[in-house]
Amino acid sequence: HEAQIAEATEHLINSGNISWLYFPGPDQELSTYAAAQDIQRDSYYGAGQALDAYGKTEDLSYSGGIQYKILTGHGDIIAGIEVNGGNLLDKKLGYREFSVNENTMEVQEEEVPARTIADQETMVTGGFAQIEQRFFGELSLSAGLRLDHYNISDNITGSDLSNHVLSPRFTMLYGLSGPLQFRASYA
Numbered sequence: 001h002e003a004q005i006a007e008a009t010e011h012l013i014n015s016g017n018i019s020w021l022y023f024p025g026p027d028q029e030l031s032t033y034a035a036a037q038d039i040q041r042d043s044y045y046g047a048g049q050a051l052d053a054y055g056k057t058e059d060l061s062y063s064g065g066i067q068y069k070i071l072t073g074h075g076d077i078i079a080g081i082e083v084n085g086g087n088l089l090d091k092k093l094g095y096r097e098f099s100v101n102e103n104t105m106e107v108q109e110e111e112v113p114a115r116t117i118a119d120q121e122t123m124v125t126g127g128f129a130q131i132e133q134r135f136f137g138e139l140s141l142s143a144g145l146r147l148d149h150y151n152i153s154d155n156i157t158g159s160d161l162s163n164h165v166l167s168p169r170f171t172m173l174y175g176l177s178g179p180l181q182f183r184a185s186y187a
């Protein structure tokens, strides 16, 4: 923090994932997955040698799901569920501030406590289904539907935000020549 303007971060990042694939029939596929990432970050973003610019962040994010796919000669059917979420805790670190009383010339010390900037939990659960049909080798049409439920909890204010989102999707893909394709989508 000795510079007039400084930015510095130090990260410790751990992540992992696992997946499993199963073929219950010749044209069927069942897949599952889970992944998580944990980030611990110490930071300084400040100017004017500010002592209040030190921070500490803890962030855990995760994802998991299962998907079932049926492959037919001219199309595919896919359905699945998944969950995504995270926990974020972001704090400004406490510090001591010194000043001199001009009347008595005594050094005064003030302890500025740490304060929480963000403390939230998020979770999105969803289900989806999609059907794709291929025609004449060059044309492919697909339609899908996804329903998500999200919940965001702010542990500082105690507020919760929760809702459902329904997302339809339609796509047309046409192979023009070689690697060139024309795609039109609505989502």
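So that you can map any letter, position 49 of the sequence shown is 49 in our numbering, and since no number is skipped, the others follow by simple counting.
A virtual CB, placed ideally from N, CA and C, is assigned to each residue, including glycine.
Only a predicted model underlies this, so the values are computations on that prediction, with no experimental measurement involved.
Secondary structure of residue i, DSSP reduced to three states
{"i": "Asp90", "result": "strand"}
{"i": "Ala47", "result": "strand"}
{"i": "Asp52", "result": "helix"}
{"i": "Gly75", "result": "strand"}
{"i": "Gln133", "result": "strand"}
{"i": "Ile13", "result": "strand"}
{"i": "Glu2", "result": "coil"}
{"i": "Ala114", "result": "coil"}
{"i": "Asp42", "result": "strand"}
Nearest-angstrom beta carbon gap, residue j and residue i [assumed within contact, 8 Å]
{"i": "Leu60", "j": "Asn87", "result": "5 Å"}
{"i": "Thr122", "j": "Ile81", "result": "The Cβ separation is near 17 Å, so there is no contact."}
{"i": "Gly48", "j": "Gln4", "result": "6 Å"}
{"i": "Pro168", "j": "Leu141", "result": "That pair is no contact at about 14 Å."}
{"i": "Ser15", "j": "Gln37", "result": "4 Å"}
With 16 other Cβ atoms within 10 Å as the buried cut-off, status of residue i
{"i": "Ala53", "result": "buried"}
{"i": "Gly46", "result": "buried"}
Residues sharing a beta bridge with residue i, DSSP
{"i": "Met172", "result": "Leu141, Ala184"}
{"i": "Thr104", "result": "Thr104 pairs with nothing; no bridge assigned."}
{"i": "Gln37", "result": "Ser15, Ser61"}
{"i": "Gly127", "result": "Ile81, Leu147"}
{"i": "Asn163", "result": "Tyr150"}
{"i": "Phe98", "result": "Glu109"}
{"i": "Asn32", "result": "Sequence check: residue 32 is Thr here, not Asn. DSSP lists Trp20, Ile66 as partners of Thr32."}
{"i": "Thr122", "result": "Gly86, Ile152"}
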